[in-house]
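Structure record follows, encoded as structure tokens.
Protein chains: 6
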Amino acid sequence: MQSTRYEIGLEQLAKIDGEAGEKVIESLQDICPDLAQYTIEYPFGDIYARPGLDLQSREIATVAALTALGHCQPQLKVHLNAALNVGCSETQIKEVILQMSVYAGFPAALNGMFAFQDVLQERSEIG
Amino acid sequence: MQSTRYEIGLEQLAKIDGEAGEKVIESLQDICPDLAQYTIEYPFGDIYARPGLDLQSREIATVAALTALGHCQPQLKVHLNAALNVGCSETQIKEVILQMSVYAGFPAALNGMFAFQDVLQERSEIG
Amino acid sequence: MQSTRYEIGLEQLAKIDGEAGEKVIESLQDICPDLAQYTIEYPFGDIYARPGLDLQSREIATVAALTALGHCQPQLKVHLNAALNVGCSETQIKEVILQMSVYAGFPAALNGMFAFQDVLQERSEIG
Amino acid sequence: MQSTRYEIGLEQLAKIDGEAGEKVIESLQDICPDLAQYTIEYPFGDIYARPGLDLQSREIATVAALTALGHCQPQLKVHLNAALNVGCSETQIKEVILQMSVYAGFPAALNGMFAFQDVLQERSEIG
Amino acid sequence: MQSTRYEIGLEQLAKIDGEAGEKVIESLQDICPDLAQYTIEYPFGDIYARPGLDLQSREIATVAALTALGHCQPQLKVHLNAALNVGCSETQIKEVILQMSVYAGFPAALNGMFAFQDVLQERSEIG
Amino acid sequence: MQSTRYEIGLEQLAKIDGEAGEKVIESLQDICPDLAQYTIEYPFGDIYARPGLDLQSREIATVAALTALGHCQPQLKVHLNAALNVGCSETQIKEVILQMSVYAGFPAALNGMFAFQDVLQERSEIG
Chain A
23 MQSTRYEIGL EQLAKIDGEA GEKVIESLQD ICPDLAQYTI EYPFGDIYAR PGLDLQSREI
83 ATVAALTALG HCQPQLKVHL NAALNVGCSE TQIKEVILQM SVYAGFPAAL NGMFAFQDVL
143 QERSEIG
Chain B
23 MQSTRYEIGL EQLAKIDGEA GEKVIESLQD ICPDLAQYTI EYPFGDIYAR PGLDLQSREI
83 ATVAALTALG HCQPQLKVHL NAALNVGCSE TQIKEVILQM SVYAGFPAAL NGMFAFQDVL
143 QERSEIG
Chain C
23 MQSTRYEIGL EQLAKIDGEA GEKVIESLQD ICPDLAQYTI EYPFGDIYAR PGLDLQSREI
83 ATVAALTALG HCQPQLKVHL NAALNVGCSE TQIKEVILQM SVYAGFPAAL NGMFAFQDVL
143 QERSEIG
Chain D
23 MQSTRYEIGL EQLAKIDGEA GEKVIESLQD ICPDLAQYTI EYPFGDIYAR PGLDLQSREI
83 ATVAALTALG HCQPQLKVHL NAALNVGCSE TQIKEVILQM SVYAGFPAAL NGMFAFQDVL
143 QERSEIG
Chain E
23 MQSTRYEIGL EQLAKIDGEA GEKVIESLQD ICPDLAQYTI EYPFGDIYAR PGLDLQSREI
83 ATVAALTALG HCQPQLKVHL NAALNVGCSE TQIKEVILQM SVYAGFPAAL NGMFAFQDVL
143 QERSEIG
Chain F
23 MQSTRYEIGL EQLAKIDGEA GEKVIESLQD ICPDLAQYTI EYPFGDIYAR PGLDLQSREI
83 ATVAALTALG HCQPQLKVHL NAALNVGCSE TQIKEVILQM SVYAGFPAAL NGMFAFQDVL
143 QERSEIG
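Residue numbers (our numbering), protein chains in the order written: chain A, 23 to 149; chain B, 23 to 149; chain C, 23 to 149; chain D, 23 to 149; chain E, 23 to 149; chain F, 23 to 149.
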């Protein structure tokens, strides 16, 4: 039985990540549907749905963290798309990535920027 | 000879970090004044001074990254202060820290929140 | 309104972490009670309460991860206590920490072992 | 001259990692055979051969740590295979990975789960 | 307008990284030329150009750090090339990577060694 | 029975870390003497004793890695002492730490520099 948190999470996920989010969820159906459910419920149903911080700021925080951590490139790409989806400008996103050179070093910033280049190219090919 | 980048950086640092920033710079004078100079020039003179992202969003990005990385508690505290200084609300900052539970785990979020509690207490004692 | 997940989580937390867990939750009441609630609901209400892996194995996994990550010493101590609480032997816990020298290097293993020494001493003083 | 530690390590490696372990060792023969020797001697000859923790628990600890660290996907795959080889069930391994969402965030858990999906598929194709 | 730091940086970059460095800079021209400029100015114009540490020791430090961090494989490869370019021997570089097994664990050292194997093979194919 | 590796390791440890190394080993005697033995045998008996890289370069590599990783401050201090013990100059060590701002960000470099300041002060008080 699916909770209301699940429904709220699905709605948030659709708004933020569009098809990219759906694909992640689908890709978990065979191996571990419970992880898909938790991913919808906790990050999207509980956290992103909270008032107190707009979605653009939430995506700025997520892009910053994933660029700095450096070992989650697939999730970084999902959230670079998400940042654009919720209305962050290309310039704002580049500034966040650039700023990570200060806190996590130049390699992390470079790899974040190359990921963003991939994302922009994929979107222009689809679009 | 100090560059214009240095002067711009000092100005940004004063605006953002107030006394906390000055203390970091002073504390480097004996051991490595060049690191103080670079810290003023590159992060503050080059990066924070750029247009394209407002200071509140820059601090949201920095608080997110330092909470997620987890091993830079003194710098996280400086930037929790900085976030308040440039106009982020307590609620916004708490939301950023809370959100890091999704990307870096609950321990990182908990330690970030405890750092924020310390910062708020220090400010109320001074204030 | 608190969910059933919250009640299950509280029960798990009491079983696993005893007073240490309660103290963490209490310490969040002023700064961010919602993080306390999420910490009870998701890690303890959702994850630790799942069948499929016994609590001793869960604590072995957590001690391993927190020792390897190296930047969450307070949470590592909570779970070193928890591992003892759910029936892991001192020897088993030492072996897990020792093994982390292979995957995260000797400094992480050394700091994990010193944390365990602190935990054992605190328990002997209380006990 | 090879030590007894080397012989014990080779035996442990065969028991735990099967062919995957042998391939890692072979792949080092040209570039740095000494690293192959140390990998056999210290992790397998010294650590995994110790009494005090059964091999299933050792693999649970290793899978947890490598999932949490997030930057060692090839070694994670070797140990997901190893965990199955020494008798951990698919369910137990999934639970360990799932639990890492709590300590290292959802991206680390997602990438660990996708690695496990690859491992299961490779084994079914060979098997 | 480009600073003298930029010119010094370009010179250092050519000396250290040869074509590999140029390619990184070129690859940023479309997405974020400012990051290319900062990468030339701060790391190469400010830091590598400093007296007080010879270039061989600088590359030993960089190879050590990038091997230990484990999530910057493209930059590690650039600096494995750079280390050879400035006169470090293959043996010295292998020793640095090997030593990282102590501080960051065996997986980080293994992945560093495999990166070095790729670099040596690429150089022998070109050379 | 202690191996020759143990004896070589003890000798290396005395040469490199002096009393600081001995204290680490002593501090493990109660909680886990086997970890003390492994720490002497593998890092010092196997790795530091190898030809192919001089001790000054080895300490440069270690200081770089521990500064970059950022979560091993006690071990970083031991090796800042060690670097001085084997003949690295204060300037060389500062350059290594400074350079880490490029690869691991400014907070890691700042915390490394403050650790070095502590080490220099402790040595001047003893000396």
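Here a beta-carbon is modelled for each residue, glycine too, at the ideal position from N, C-alpha and C.
Remember, predicted model here, so these are calculated numbers, not experimental data.
Following the DSSP letters along the chain, one finds L132/C inside the alpha helix (DSSP H) bounded by residues 128-148. Within the model, the alpha-carbon separation for P129/C versus E41/A is close to 43 Å. Contact with chain F is absent for V100/E, since none of that chain's Cβ atoms lies less than 8 Å from the residue's Cβ. Counting other Cβ atoms within 10 Å of its Cβ, S111/C stays below 16 and is therefore classed as exposed.
Cβ proximity to chain B below 7 Å picks out G74, L75, S79, R80, I82, A83, T84, A86, A87, L88, A90, L91 from the region 73-101 of chain A. Judged by DSSP secondary structure, H101/A falls within the alpha helix (DSSP H) whose first and last residues are 95-107. Residue nearest to T113/B within the set L57/C, G43/C, P65/C, A90/C is L57/C (criterion: CA-CA distance). Taking the Cα positions, R72/E is about 23 Å away from L32/B. Of all residues in the region 103-124 of chain A, only T113, Q114, E117, V118, L120, Q121, M122, V124 place a beta-carbon less than 7 Å from a beta-carbon of chain B. Cα atoms of T61/C and D140/B: separation of roughly 20 Å, rounded to the nearest angstrom.
At a cut-off of 8 Å between C-beta atoms, F128/A counts as an interface residue with respect to chain F.
Along the region 52-69 of chain D, going in chain order, the ones with a CB nearer than 9 Å to a CB of chain E are D52, I53, C54, D56, L57, Y60, T61, Y64, P65. Judged by pairs of C-beta atoms under 8 Å, the region 89-101 of chain C touches the region 81-92 of chain D, as three or more such pairs exist. Secondary structure of G74/B (DSSP, three-state): coil.
In the assembly as shown, T26/B is an exposed residue. Its beta-carbon has fewer than 16 other beta-carbons within 10 Å. Under the Cβ criterion of 8 Å, L142/E is not counted among the residues facing chain A. Neighbours of L50/C in chain B, taken as residues at a C-beta separation under 8 Å, are given in chain order as L132, M135. Here A86/E is near A86/F, since their CB atoms are less than 8 Å apart.
DSSP places G31/B inside the alpha helix (DSSP H), whose first and last residues are 26-49. From the listed residues Y28/A, I38/A, L142/A, E29/A, the smallest Cα separation to A105/A is found for I38/A.
Contact between A83/C and Q121/D holds, since their C-beta atoms are separated by about 6 Å, short of 8 Å.
Going by DSSP, Y60/D is part of the alpha helix (DSSP H) stretching over 55-61. When the five nearest sequence neighbours on each side are left out, the beta carbons in the same chain lying within less than 8 Å of the beta carbon of P65/F are those of G31, in order along the chain. DSSP places D52/C in the coil class of the three-state scheme, outside both helix and strand.
Under the Cβ distance rule, Q34/A does not count among the residues neighbouring chain E, no pair being separated by less than 8 Å.
One alpha carbon belongs to E117/B, the other to G74/A, and they sit about 7 Å apart. Annotation: I148/E to I47/D spans about 27 Å, alpha carbon to alpha carbon. The C-alpha of Q34/F is placed about 10 Å away from the C-alpha of Y28/F. A straight-line Cα-Cα distance of about 31 Å links L142/A and H101/B. Taking the C-beta atoms as reference points, G109/D is found nearer than 8 Å to Q78/D. The residue from N133/F, F138/F, I53/F, Y70/F with its alpha-carbon nearest to that of I115/F is F138/F.
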